[in-house]
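Read the structure below first, then the notes.
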Amino acid sequence: MSDPLWFDPALCLIGGQWTPPASGETLPLINPSDGSTLAQIARGGSADIDAAVRAADAALADDWGRMPAFERGRILTRLGRLVLDRVDDLAALEATDVGKPLTQARADAVALARYCEFYGGAADKVMGETIPYLDGYTVYTLREPHGVTGHIVPWNYPMQIIGRSVGAALTMGNACVLKPAEEACLTALAFAHLAQEAGLPAGALNVVPGLGAEAGAALTAHPGIHHISFTGSVATGSLVQAAAARNVVPVTLELGGKSPQLVFDDADLDAALPFLVNAGCQNAGQTCSASSRILVQRGVYDEVRTRMAAAYADLTVGPAPEDLRLGPLISDRQKTIVEGFLAKGADLTIAAQGVIVDHAPATGAYVRPTLFTDVPPDHPLARDEIFGPVQVLIPFDTEEEAVEIANSTDYGLVASIWTANGARQMRLAKRLRAGQVFINNYGAGGGVELPFGGIGKSGHGREKGFEALYGFSQLKTVAALHG
Ligand code: NAD
277 MSDPLWFDPA
287 LCLIGGQWTP
297 PASGETLPLI
307 NPSDGSTLAQ
317 IARGGSADID
327 AAVRAADAAL
337 ADDWGRMPAF
347 ERGRILTRLG
357 RLVLDRVDDL
367 AALEATDVGK
377 PLTQARADAV
387 ALARYCEFYG
397 GAADKVMGET
407 IPYLDGYTVY
417 TLREPHGVTG
427 HIVPWNYPMQ
437 IIGRSVGAAL
447 TMGNACVLKP
457 AEEACLTALA
467 FAHLAQEAGL
477 PAGALNVVPG
487 LGAEAGAALT
497 AHPGIHHISF
507 TGSVATGSLV
517 QAAAARNVVP
527 VTLELGGKSP
537 QLVFDDADLD
547 AALPFLVNAG
557 CQNAGQTCSA
567 SSRILVQRGV
577 YDEVRTRMAA
587 AYADLTVGPA
597 PEDLRLGPLI
607 SDRQKTIVEG
617 FLAKGADLTI
627 AAQGVIVDHA
637 PATGAYVRPT
647 LFTDVPPDHP
657 LARDEIFGPV
667 QVLIPFDTEE
677 EAVEIANSTD
687 YGLVASIWTA
697 NGARQMRLAK
707 RLRAGQVFIN
717 NYGAGGGVEL
727 PFGGIGKSGH
737 GREKGFEALY
747 GFSQLKTVAA
757 LHG
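According to my numbering, the sequence shown is numbered sequentially starting from 277.
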């Protein structure tokens, strides 16, 4: 493995140049495994965002804007190769920065490479159509980039979210301004270095780290931005949408969820069990598509509770490099939020908790994964997004009741159905309010190819798969009257 920080993390990338922020100020990046300061990152602000937007605009007027689709695809494919070459370095960076177990961080780096490969291969396969029209006309459609796209990325899966949003936007020929999260931005900077190495022209990708209220707000308010992709909290997403509305700019919002898994009496429990637990504990529960509600039919409720409780008792939590089942949360702030939810559960029954290893530093942001049982569907722990390793078990009697509970939150990101009954699988796939429904699995291994996005407070717009390429482009209709 090479030097984990093979670049200067205190710089922004603007117009192909790595430059200090105009303020000259930096922000500390905290290692959540032990609370130490990992690095200083740039405290970018409105002047840097303005320079980045101008650089992106200039790239569109230059080589990048004229580049044939297949050449953009080649650059992305090369970038995917470079990501794979550095997969261990990227995993080490992400593990330290986010507090992810190394295995998870490595999977994220591989997913980033897959996005680059998938979109690299797709670049010259997005086509318009010809439309039969009146006599004497030829009508066709063109798929064109929006122009300058803004990308605001959270701290939980930086590599995967950059892959699905920046990867798709570049594929369609947009020029990007990326604002990574202030809590974790090392892999965003590493990715930008690799993009330069892959031959991405100056200005096609600009990166301005900084605080949400400063660099983030400046990006969403900038009149030179033509599309915004945001992943994060509902509260911030709503601010982003309001800022975009002032400039009449389209927005993709991916805001999290309270995703249920429905386990019926006829389910294959051996197959279901690992998914039921892992979908709640992966990344210490800090996953927008985490499954935090497990709805179980009464006939198997006791068995599911007993088996999940046993799995929880085996969960170990510790420093990210030790690669246990869970690392720390991202920050003390997030730990306080999760502990607040655990306190709200004081009136509930805990079925089981995992264990924080003895030697975990007291300065790390660790919480015990917790499984609550017999939780009323209207309890805050069954309705609100916790963003920590907390799951609730909810019993139900009938299919109708299961659907009603599943659809009763403000969110609608992912749902899964565990049943051997094919008719029920088809019925519920239609009735569940979610952007993705899984049958006898959960998450389908990440699925770079699978369109992803929410309903309700989970957001709107779709990323991943080909659908993202339509989202990061606009359709122009050309009608030629030639007689
Ligand atoms: P957040 O929404 O505040 O931050 C996400 C991104 O938005 C970061 O890059 C941040 O700098 C930026 N941002 C913040 N304020 C902004 C503003 N005014 N204008 C533009 N950009 C802004 O999320 P958070 O504070 O990091 O986490 C709080 C909660 O959000 C979590 O507890 C969790 O529920 C949720 N969350 C969801 C996801 C997800 O994947 N859906 C990811 C992270 C956090």
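Just so it is clear, CB atoms sit at the ideal spot from N, CA and C, and this is done for glycine as well. All figures in this text were calculated on a predicted structure; none of them were measured in a lab.
(Q) What residue range does the alpha helix (DSSP H) around Gly763 cover? (A) With the chain covering only 277 through 759, there is no way to say anything about residue 763.
(Q) For Leu481, count the other beta carbons within 10 Å of its own beta carbon; 16 or more makes it buried, fewer makes it exposed. Which is it? (A) By the 16-neighbour rule on beta-carbons within 10 angstroms, Leu481 is buried.
Q. In terms of residues, what are the limits of the alpha helix (DSSP H) holding Gly426?
A. Note, Gly426: premise wrong, no alpha helix (DSSP H); beta strand (DSSP E) at Val424 to Ile428.
Q. Excluding five sequence neighbours on each side, which residues of the same chain lie with their C-beta closer than 7 Å to the C-beta of Thr230?
A. Lying outside 277 to 759, the shown extent of the chain, residue 230 is not represented and no answer is given.
(Q) Buried or exposed, going by whether 16 or more other CB atoms sit within 10 Å of the CB of Ala720? (A) Burial call: exposed.
(Q) Please confirm whether Gly594 has its beta-carbon closer than 8 Å to some beta-carbon of chain D. (A) Annotation note: the requested chain D is absent from the structure, which comprises a single protein chain.
Q. Between the Cα of Leu751 and the Cα atoms of Arg419, Leu657 and Pro308, which residue gives the shortest distance?
A. Of the candidates Arg419, Leu657 and Pro308, the residue whose Cα lies closest to the Cα of Leu751 is Arg419.
Q. Do Ala332 and Gly341 have their CB atoms nearer than 8 Å?
A. For Ala332 and Gly341, no; Cβs fall outside 8 Å.
**Q.** Collapsed DSSP secondary structure at Gln436 in the structure displayed
**A.** Gln436 sits in a helix when the DSSP states are folded into three classes.
Q | Of the residues Glu676, Gly603 and Leu446, the one placed nearest Arg644, counting alpha carbons only | A | If you compare the alpha carbons of Glu676, Gly603 and Leu446 with that of Arg644, the shortest gap goes to Gly603.
Q) So, using beta-carbon positions, are Gly533 and Ser299 closer together than 8 Å? A) No. Outside cutoff.
Q.
Which of the three DSSP states is assigned to Ala710 in this structure?
A. Ala710 falls in the coil class under three-state DSSP.
Q. From this set, Gly443, His635 and Ala383, which residue's C-alpha is nearest Ala451's C-alpha?
A. Here the closest residue by C-alpha is Gly443.
Q) Would the C-beta of Pro308 count as close to ligand 1, meaning under 7 Å from any of its heavy atoms? A) Checking the Cβ of Pro308 against ligand 1 gives no.
Q) Using the C-alpha atoms, what's the distance from Ala387 back to Gly722? A) Cα to Cα, the separation comes out at about 8 Å.
Q) Any contact of the region 655-672 with the region 554-565, i.e. 3+ C-beta pairs under 8 Å? A) Counting C-beta pairs with one atom in each stretch, the region 655-672 and the region 554-565 have three or more that are closer than 8 Å, which means they touch.
Q | Simplified DSSP assignment, three categories, for Phe728 | A | Three-state DSSP puts Phe728 in a strand.
Q. Is it a yes or a no for the region 452-463 touching the region 482-500, going by three-plus beta-carbon pairs under 8 Å?
A. At 8 Å Cβ cutoff, the stretches touch.
Q. Leaving out the 5 sequence neighbours to the left and right, which residues in its chain are closer than 7 Å to Thr628 when beta-carbon positions are compared?
A. Before going on, a small fix: residue 628 reads as Ala here, not Thr. These residues qualify, in order along the chain: Ala585, Tyr588, Ala589 and Leu647.
Q) Relative to ligand 1, is the shortest distance from any of its heavy atoms to the C-beta of Ala315 smaller than 7 Å? A) Incorrect: Ala315 has no Cβ contact closer than 7 Å to ligand 1.
(Q) Please state the DSSP three-state secondary structure of Pro671. (A) Three-state DSSP puts Pro671 in a strand.
Q) Got a sec, what are the start and stop residues for the beta strand (DSSP E) Cys461 sits in? A) Following the DSSP letters along the chain, one finds Cys461 in no beta strand (DSSP E), marked with neither H nor E.
Q. Excluding five sequence neighbours on each side, which residues of the same chain lie with their C-beta closer than 8 Å to the C-beta of Phe714?
A. The beta carbon of Phe714 sits closer than 8 Å to the beta carbons of Val690, Ala691, Ser692, Ile693 and Ala720 from its chain, once the five residues preceding and following it are set aside; these are given in chain order.
Q.
Under 8 Å, with one C-beta from each stretch per pair, do the region 571-582 and the region 608-625 reach the 3-pair mark?
A. Touching, no, given that fewer than three Cβ pairs across the two stretches are closer than 8 Å.
Q. Between Arg348, Gln436 and Val651, which lies nearest to Lys401 when the distance is taken from Cα to Cα?
A. Checking every option, the nearest Cα to that of Lys401 belongs to Arg348.
Q | Three-pair Cβ contact test at 8 Å for the region 697-712 versus the region 664-679 | A | The region 697-712 vs the region 664-679: in contact.
Q: State yes or no: is the C-beta of Leu552 nearer than 7 Å to some heavy atom of ligand 1?
A: Result no, Cβ not under 7 Å from ligand 1.
Q: Taking only heavy atoms of ligand 1 into account, decide whether any of them is closer than 7 Å to the Cβ of Thr372.
A: Not so, every heavy atom of ligand 1 lies at least 7 Å from the Cβ.
(Q) So, at 6 Å on beta carbons, what are the nonlocal neighbours of Gly508 in its own chain, with the 5 sequence-adjacent residues on each side left out? (A) So the list reads Pro430, once near-sequence residues are dropped.
(Q) With three or more beta-carbon pairs closer than 8 Å as the criterion, would you say the region 364-383 touches the region 510-519? (A) Put simply, the region 364-383 does not touch the region 510-519. Fewer than three CB pairs are less than 8 Å apart.
Q. Is Ser309 closer than 8 Å to Gly397 when the C-beta atoms are compared?
A. Result no, Cβ atoms of Gly397 and Ser309 do not sit closer than 8 Å.
Q: Mind reading off the beta-carbon distance from Asp392 to Gly426? Whole number of angstroms is fine, and I expect it under 8 Å.
A: Sequence check: residue 392 is Cys here, not Asp. With a contact defined as Cβ atoms closer than 8 Å, Cys392 and Gly426 miss out at about 20 Å.
Q. Pick from His736, Asn716, Gly711 and Arg522: whose alpha carbon is nearest that of Leu726?
A. Per the Cα distances, Gly711.
Q. What is the DSSP secondary structure of Ala489, reduced to helix, strand or coil?
A. In the displayed model, Ala489 falls within a helix according to three-state DSSP.
**Q.** Beta-carbon separation (whole angstroms), Thr496 vs Thr753, contact threshold 8 Å
**A.** With a Cβ gap of about 29 Å, Thr496 and Thr753 do not count as contacting.
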